[in-house]
Structure formats: C-alpha cells, structure tokens
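J.:
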Amino acid sequence: MHGSSGHGARPRQPTRQTRTIALQFGPRIGSFHVVPTDRRLLVANLGRVGYADALELQRASARVRIDGRLDQDLLILVEHPPVITTGRSTKDGHLLVDRDALALRGIELFDVERGGDVTYHGPGQLVGYPIFDLKRHKEDLHWYLRQVEQVMINALGGFGIVADRNPGKTGVWTTGRKIASIGVHARQWVTWHGFALNVTTDLSYFDLMVPCGIASVVMTSVEYERLANGDAAAPAPTLFEDVSAAVVRTTGALFDLEPTLIDRAHLDHVIGTA
Numbered sequence: 180m181h182g183s184s185g186h187g188a189r190p191r192q193p194t195r196q197t198r199t200i201a202l203q204f205g206p207r208i209g210s211f212h213v214v215p216t217d218r219r220l221l222v223a224n225l226g227r228v229g230y231a232d233a234l235e236l237q238r239a240s241a242r243v244r245i246d247g248r249l250d251q252d253l254l255i256l257v258e259h260p261p262v263i264t265t266g267r268s269t270k271d272g273h274l275l276v277d278r279d280a281l282a283l284r285g286i287e288l289f290d291v292e293r294g295g296d297v298t299y300h301g302p303g304q305l306v307g308y309p310i311f312d313l314k315r316h317k318e319d320l321h322w323y324l325r326q327v328e329q330v331m332i333n334a335l336g337g338f339g340i341v342a343d344r345n346p347g348k349t350g351v352w353t354t355g356r357k358i359a360s361i362g363v364h365a366r367q368w369v370t371w372h373g374f375a376l377n378v379t380t381d382l383s384y385f386d387l388m389v390p391c392g393i394a395s396v397v398m399t400s401v402e403y404e405r406l407a408n409g410d411a412a413a414p415a416p417t418l419f420e421d422v423s424a425a426v427v428r429t430t431g432a433l434f435d436l437e438p439t440l441i442d443r444a445h446l447d448h449v450i451g452t453a
C-alpha cells in the first residue's frame, strides 16, 4: 500500500474468526430518521473476509458507483486472513521471501492495481475500502489521501494516541512509527482500495518484506502504543470493535456523510453480486 510497516516489540493477538461491532451512530435503513440519499454513507462491516472476495466486492461496488446504479458512498470494513499485496510501485527485492515460502505459512500473495508498494494484511488489522465518488466531494486524489489520513488521526486521538502525517510519505504515523497504510485506485473519480490500520496486528509479518518500500520503517499498532504509553495494562477485549466504530464516526464527520449500517446480503443486492 501507499503505506508502511515496522518492527520492534510486537504484541500478538489470538485469531478471531468473526467480529461484529455495535456502532452507536446514525440510522439503519428503514428507520424513522430520514437522511438525503446522497448524504448517506453505507457501511458494510463484514468481519473476516478473504482477500479475493473483498477485491471482487470492491471492483463490483466501483462499477455500480461509476455507472450510477449505486447513489451513495460506501465503506467496506473487513479483517483479512494473512495476505501480502503488491501495488504499482513495488520494486524487485521488496518481498524478501518467495511465493512457495509464503504458501507454507498460509499467506496468500496478490498483485493489485492500487498505488504504493508491498504491504501485509491480517488478523487484528482494520482494513477499510471506501468506494467514494469524489465528484460529490472534491476531484483531487491528493486531497482525498489527506482526508483518509485525517480520518485515522482523529479516530486514534480518542484512544490517547497522538498521530500525524510524515511529510512526503502517505499514511499515518505516531512517535516515528507507522500505524496505518494507505493505497488507493480511482477511475472516473470513484475510489477503491483504501487503508489498513494496525489495531492488534502481529507485526512480525512485516519482516517478510521491505514494508512500503521503506527500508527503515518501523510499524506499530494501537495495542502496542497503548501498552507502551501506560494507557492500558492489557488489551481491551473490545479494542478492535471500538477502533472500528471510531473510524466510521470520523469518516462520516470528515466527509459530511451519515453512516448507515448494511449487512452482506444488502451489499450483495446493491452491487448486483447476490
């Protein structure tokens, strides 16, 4: 991704097969509170989803957003099984192991159309795929990248983490370590791909690559930063869900949209994959 990764002390998180979040905001479709259709942000929080499935969902969503069959912006939230993806800027040698070695560890490998270099997705990492029509916002990809960064900066502030940008490097950083990566693609001003925020991620997976092509990068996570700051004696059992909810709220606020939860069946119906 146009993002990063890192090393150092690495908290590990047991694998969870499913996650659900109870988001305390906005209406569900069909509630009394009426929001103008084009100001809704459809939020599909899908839990654990394989990368190939999520990639097809993004591409299908972008197609119907481009041709007008989907009239609202959409945010797909997932957590992937271990997978490494390479983007348009990936250089030879940035992946430090071969495909066979990855397969032995149960790690998939995908080469995709997003910007950025090589990165890792896996359990404990919140991955967001905004399918946004920038014609409704601002036709400027640099502005959009800064907005996505700000979404995570604002969300992290609620957990006692002072995050910021690193000039010249896309993503979100805290105390010199990278906590979130961003890599996007757009066609006719409709975006897909997105961001990856390390919440309780096992950071050792980033040792398999030169994360984002930055040799000196050090990755971190929400869990690690809170423990290092003395903000928590142990990871909160709801940390992943709490961070997910915060990201949705800050996305709605920064893009002036009203988050509206939908489930997988509704998403499949909307984008024609049912």
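Taking this note's numbering, the leading residue of the sequence shown gets 180, the next gets one more, and so forth. Positions of the beta carbon are idealized from the N, C-alpha and C atoms, including for glycine. Here the structure is a predicted model, which is why all the values come from computation and not from measurement.
#1: Tell whether a beta-carbon distance below 8 Å holds between His300 and Val262.
#2: Quick one, are the C-beta atoms of Phe419 and Gln326 less than 8 Å apart?
#3: Select from Thr452, Pro346, Gln329, Pro302 the residue whose C-alpha is nearest the C-alpha of Ser400.
#4: In the DSSP assignment, find the alpha helix (DSSP H) that holds Gly336 and state where it starts and stops.
#5: Between the alpha carbons of Leu274 and Thr265, how many angstroms are there, rounded?
#6: Helix, strand or coil for Glu402? Go by DSSP, reduced to three states.
#7: If I follow the unbroken beta strand (DSSP E) through Glu420, where does it start and stop?
#8: Roughly how many angstroms separate the alpha carbons of Asp447 and Asp296, rounded to a whole number?
#9: State the start and end residues of the unbroken beta strand (DSSP E) segment that holds Gln304.
#10: Quick check: what's the CA-CA separation for Lys357 versus Ala411?
#11: State buried or exposed for Gln203, treating a residue as buried only when at least 16 other CB atoms are found within 10 Å of its CB.
#12: Taking Cβ positions, are Ala441 and Ala231 nearer each other than 8 Å?
#13: Figure out for me which residue from Glu235, Arg227, Ala241 has the closest Cα to the Cα of Phe311.
#14: Check the DSSP bridge columns for Trp352 and list the partner residues they point to.
#15: Could you give the first and the last residue of the continuous alpha helix (DSSP H) run that contains Val449?
#16: Consult DSSP for Leu236 and reduce its assignment to one of helix, strand or coil.
#17: At what residues does the alpha helix (DSSP H) containing Asp279 begin and finish?
#18: Can the beta-carbon of Val426 be found closer than 8 Å to that of Leu376?
#19: Using only the alpha-carbon positions, how far apart do Ser360 and Val351 sit?
#20: Ignore the nearest five residues each way along the sequence and tell me which others in Ser423's own chain have a CB closer than 7 Å to its CB.
#21: Tell me the DSSP secondary structure of Val243 in three-state form.
#22: Starting from Phe289, follow its DSSP beta bridges and name the residues at the other end.
#23: Could you tell me the distance, in whole angstroms, from the CA atom of Asp217 to the CA atom of Ala365?
#24: Just to confirm my understanding: we take Pro260, look at its own chain, exclude 5 residues before and 5 after, and list those with CB closer than 8 Å. What are they?
#25: Rank Glu292, Ala282, Glu258 by C-alpha distance to the C-alpha of Arg267 and give the top, closest one.
T.: Let's see:
#1: When the beta-carbon positions are compared, His300 and Val262 come within less than 8 Å of each other.
#2: Result no, Cβ atoms of Phe419 and Gln326 do not sit closer than 8 Å.
#3: Nearest to Ser400 by C-alpha distance, out of Thr452, Pro346, Gln329, Pro302, is Pro302.
#4: Run containing Gly336: 320-336, per the alpha helix (DSSP H) assignment.
#5: Each residue's Cα considered, the two are about 9 Å apart.
#6: Helix, per DSSP.
#7: Glu420 -> not in any beta strand (DSSP E); alpha helix (DSSP H) instead, spanning 418-434.
#8: Note on geometry: alpha-carbon atoms of Asp447 and Asp296 lie some 30 Å from one another.
#9: Note, Gln304: beta strand (DSSP E), 304-310.
#10: For Lys357 and Ala411, the distance between alpha carbons rounds to 20 Å.
#11: In this prediction, Gln203 has a pLDDT of 42, which is less than 50 and means its spatial position is unreliable; what the coordinates show is noted afterwards. When all chains shown are included, Gln203 counts as exposed.
#12: Rather than Ala, the amino acid found at residue 441 in this sequence is Ile. No, the Cβ-Cβ distance between Ile441 and Ala231 is not below 8 Å.
#13: In terms of Cα proximity to Phe311, the closest of Glu235, Arg227, Ala241 is Ala241.
#14: Looking at the DSSP assignment, Trp352 forms a beta bridge with Asp343, Lys357.
#15: First-last of the alpha helix (DSSP H) with Val449: 443-450.
#16: In the structure shown, Leu236 sits in a helix (DSSP, three-state: H, G or I).
#17: Element bounds for Asp279: 278-283.
#18: Contact: yes.
#19: Answer to the nearest angstrom: the Cα atoms are 7 Å apart.
#20: Correct list, in chain order: Ile200, Asn224, Leu256, Leu305.
#21: Taken through DSSP and simplified to helix, strand or coil, Val243 comes out as helix.
#22: The beta-bridge partner set that DSSP reports for Phe289 consists of Thr264.
#23: About 19 Å.
#24: Within the same chain, Pro260 has close Cβ partners Arg227, Gly229, Tyr230, Gly285, Glu287, Gly301, Pro302.
#25: Ranking Glu292, Ala282, Glu258 by Cα distance to Arg267 puts Glu292 first.
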